[in-house]
Amino acid sequence: MVELSNKEMATILRELADLLEIRGENRFKVRAYYNAARRLTAINQDLHQLVATNRLKELPGIGKGITALIKETLENGYCSTLEEIKRELPAGLLELLMVPGLGPKKAHHLFYQLGIEDIEGLKKGLEKGQVRELKGFGAKTEQKLLASLEEYQSYQKLIILQHALLHSQELIEELKRYQGVLQIERAGSIRRMKEVTGDIDLLVAGKERAGIINYFIRLPLVETVTLQGENKGSVRTEQGIQVDLRVVSPAEFPAALQYFTGSKEHNVRLRELAKKSGYKLNEYGLFKDEQRVELKSEQDIYRILKLDYIIPELREDRGELAAAAAGKLPVSISYQDIKGDLHLHSRFSDGVHSIEELVQTARQRGYQYIAITDHSQSLRVAHGMSPETLQQQLGEIEHLQDKYSDIKILKGIEVDINSDGSLDYPDQILEQLDLVIAAIHTGFGQGKAEITERMIKAMENPYVKIIAHPQGRILKKRAAYQIDRERLMEKARETNTCLEINSSAYRLDLDDLTVRMAKGYGVKLAINTDSHHRNEFDNMILGIAVARRGWLEKDDVINTMEIEQLLSFLRGD
DNA sequence: GCCGTTTTCGGCCCGACTGTTTTCAGTCG
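Numbering (my numbering), first residue to last: 1 to 573.
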C-alpha cells in the first residue's frame, strides 16, 4: 500500500479526466471522474480507512469502477489507467488547460492536428501563425490565446482574501456614487470568504445598465477593459486584478446574487433540488411553471425550497444542503462572539508596539482579555527572548495589569518546538505562565513522520495549551508541511490541546477543511491574529471566516469564553 | 462512469459570451 492523501488521489482522477476529455471521451464519463475527485477533497475521512473498511463506494459519485481504480492505485502506487493514457498523450497537455480560453476540445485539435503538446509548443504554434489556420480557430482566437498565455506565465494571479476585500471595497465605494446603482454586493468566492480568489466579482442592481457598465470601465482604477457586454463588464485594475461586474434588474437581484455567489458545486446541487421540487432556478430568478416567483431577497430562495438559510461561507457542496433541509446547519460563530486574542507579539520580540499599546488597542475593541505571546530564545530572527528578558516582560505585564483593571493580560509565550520535539524553554519556565503556545518555525524540510512525531511530543508537554499555525503554510509562497492530520487530531483530543486558526492574512492556518475535521474530533480551536502590529487586530475577521467555513459554532472556540471560564480551562480544571 | 419512490437504460444543471459558424461549438462560471 502506498500513502496517498485524498488530495493526491483527487489530482490523479482530475488528470485522468482532463486527458480523457482531450482524447475525446464521453463527457459524462469524464464528469464522473471530476465528481469523484471533488468528493474526495470535500470529505474529511481518510481514503485508506475508507478502503480498508470497504466504505469507499458508499460515497456519492464513487461507484464500482472508480472504487476499483482507487484500490488499484493505492496498491501499486500508480494508476495504470492514467499511466496508459499518459503514454498516448504527453503530460504537458494538462498545463494547456490552465490557459484561459483553452479547454479540452481546443487542446484536442492543437495536439492531434499540430502536435502541440505543451505551453512552449503552443507559444510557437501561435507565433508561427499555425494555430489560426485550424478549423474552429481564427485570428481573434490567436490573439486571445497569446494574451492569456502571457498572463498565465507572467504571474500566478491568486489574490489573498484580505487584499480582495479591501480592493473590492474601494470599487464598491466608487460605484455607489453612480446614480443608477441601486444595490451593490460582492459575489463569487470573496463573498464566500475563501482564503484566496482569482478575481473580484461584483453584482449591481440598477437602471440603465449600459450607463453603469460605461461608468465602471472608465473608473480611474481601471487599467484595461477585457470585456464589455450589455450586462457585464470585465476590467483589469492598475493592481493587476481582474474585476467582473454584472448588472441586473432589481427583480432579478436576489437570484443573481445567489447564482453569482456560488460555489458552482453548491449551485448545481441547489438547481437539482429546485428541479426535483418542480422549480427552475437560474441567474434570473426562480420559476414555477414558467412563472416567475417573486423574491424579496436571497433568503427567499432557500425558504421556498424548504431549506434553512445557508450563509455564503458554507456554500461549497460539503453537506450544507442536506443540513439545511434537516434544520441542522451550524449556528455559525461570528465576530461578536470573540472575547479576546490569545496570540500577540510586542516589542519584547518582533512586534512593533509596546505591551501597553497592545492593551489599549484591545480595550478599544472591547476585549475582555489578551495574551502576550512573544517568541522564545532560539528564534533569533524574531528576537526570541532569553529567560531573563521573559522575566522582565512578566514584571511589565504585572505592572500594566495593576494599571488596567478592565482587561485581563495573560502571561504567555510562543515557544518554539525544536527539531527533536523538545521545547525551547524548560518546564520550570513554562509553569510560570498563564498560556503556552507551541509552534514550529524551523526545520520544514522534515518528512511527514518526523514532523508528526515532533508535534505530538510537544503536545504531550502538560503546559502546552495551543499549537499555533499547525500546518506552517504561507499563502502564495509555501505549502503546508506534511503532517499526519489524523494523529495530530487524536493527540490534540487526548491531551486537550487546542489548535489555532491563525488569522494572519498570509497564513489562515488551519484551513477550513482541517478546521472542520478538528471539530469532528471534538478538538477545540483558538482564533488568534498573531498580530505584530495593532492594525493586524483587524485580521480577526479573516480567522472568523475560516471558522465559519469550517462549520464552527461559538462553543468550538476557546476565545469566546468569558474570562473566568477561560482561566479555569487554561488551568486544566 | 454513476445513478434510480416514474428508472438496470437513458439521462446526467443552465445560460452567456465569443468567435466562428451560416445554425453552432467551445469555454466559462
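Even for Gly, the Cβ is constructed at its ideal location relative to N, Cα and C. Nothing here was measured: the structure is a model prediction, and the numbers come from that model.
Under 8 angstroms between C-beta atoms of residue i and residue j
i           : j           : result
residue 493 : residue 463 : no
residue 333 : residue 320 : no
residue 37  : residue 10  : yes
residue 467 : residue 499 : yes
residue 246 : residue 255 : no
residue 109 : residue 93  : no
residue 202 : residue 218 : no
residue 22  : residue 107 : yes
residue 114 : residue 130 : yes
residue 518 : residue 561 : no
residue 417 : residue 455 : yes
residue 243 : residue 171 : yes
residue 424 : residue 503 : no
Counted within 10 angstroms of its Cβ, other Cβ atoms place residue i as buried (16 or more) or exposed
i           : result
residue 476 : exposed
residue 577 : Here the chain covers residues 1 to 573 and nothing more, so residue 577 does not appear.
residue 548 : buried
residue 252 : buried
residue 335 : exposed
residue 104 : buried
residue 192 : buried
residue 531 : buried
residue 99  : buried
residue 261 : buried
residue 366 : exposed
residue 60  : exposed
Cα-Cα separation, residue i to residue j
i           : j           : result
residue 350 : residue 210 : 52 angstroms
residue 287 : residue 275 : 10 angstroms
residue 395 : residue 389 : 10 angstroms
residue 496 : residue 479 : 27 angstroms
residue 143 : residue 173 : 34 angstroms
residue 362 : residue 239 : 32 angstroms
residue 341 : residue 527 : 7 angstroms
residue 197 : residue 409 : 37 angstroms
residue 27  : residue 20  : 9 angstroms
residue 322 : residue 271 : 14 angstroms
residue 348 : residue 536 : 17 angstroms
residue 568 : residue 432 : 16 angstroms
residue 384 : residue 356 : 19 angstroms
residue 14  : residue 33  : 7 angstroms
residue 379 : residue 422 : 14 angstroms
residue 487 : residue 523 : 12 angstroms
residue 165 : residue 190 : 7 angstroms
residue 160 : residue 451 : 27 angstroms
residue 87  : residue 81  : 10 angstroms
residue 7   : residue 513 : 12 angstroms
residue 506 : residue 533 : 15 angstroms
residue 552 : residue 53  : 28 angstroms
residue 299 : residue 540 : 27 angstroms
residue 440 : residue 419 : 8 angstroms
residue 184 : residue 570 : 45 angstroms
residue 404 : residue 331 : 34 angstroms
residue 371 : residue 483 : 27 angstroms
residue 360 : residue 397 : 13 angstroms
Beta-bridge pairing of residue i - partner residues as DSSP gives them
i           : result
residue 54  : Per DSSP, none; premise fails for residue 54.
residue 201 : 187 and 244
residue 414 : 375 and 437
residue 286 : 281 and 293
residue 369 : 340 and 408
residue 553 : 332
residue 228 : 233
residue 423 : 417
residue 206 : 181
residue 500 : 526
residue 509 : 502
residue 466 : 437 and 498
**OP:** Starting from the N-terminal side, write out each stretch of the alpha helix (DSSP H) that is 4 residues or longer and does not extend beyond the stretch 429-462.
**Re:** 448-460
Original post:
Where are the alpha helix (DSSP H) runs, 4 residues long or more, that stay fully inside the stretch 79-141, in chain order?
Top reply: 80-88, 93-96, 104-114 and 119-127
Original post:
Can you list the beta strand (DSSP E) stretches of 3 or more residues lying completely in the stretch 290-317, in chain order?
Top reply: 291-293
**OP:** Enumerate, from N- to C-terminal direction, the unbroken alpha helix (DSSP H) stretches of 4 or more residues contained entirely within the stretch 11-57.
**Re:** 27-42 and 47-52
**OP:** Entirely within the stretch 511-552 and at least 3 residues each: give me those beta strand (DSSP E) ranges in chain order.
**Re:** 525-528
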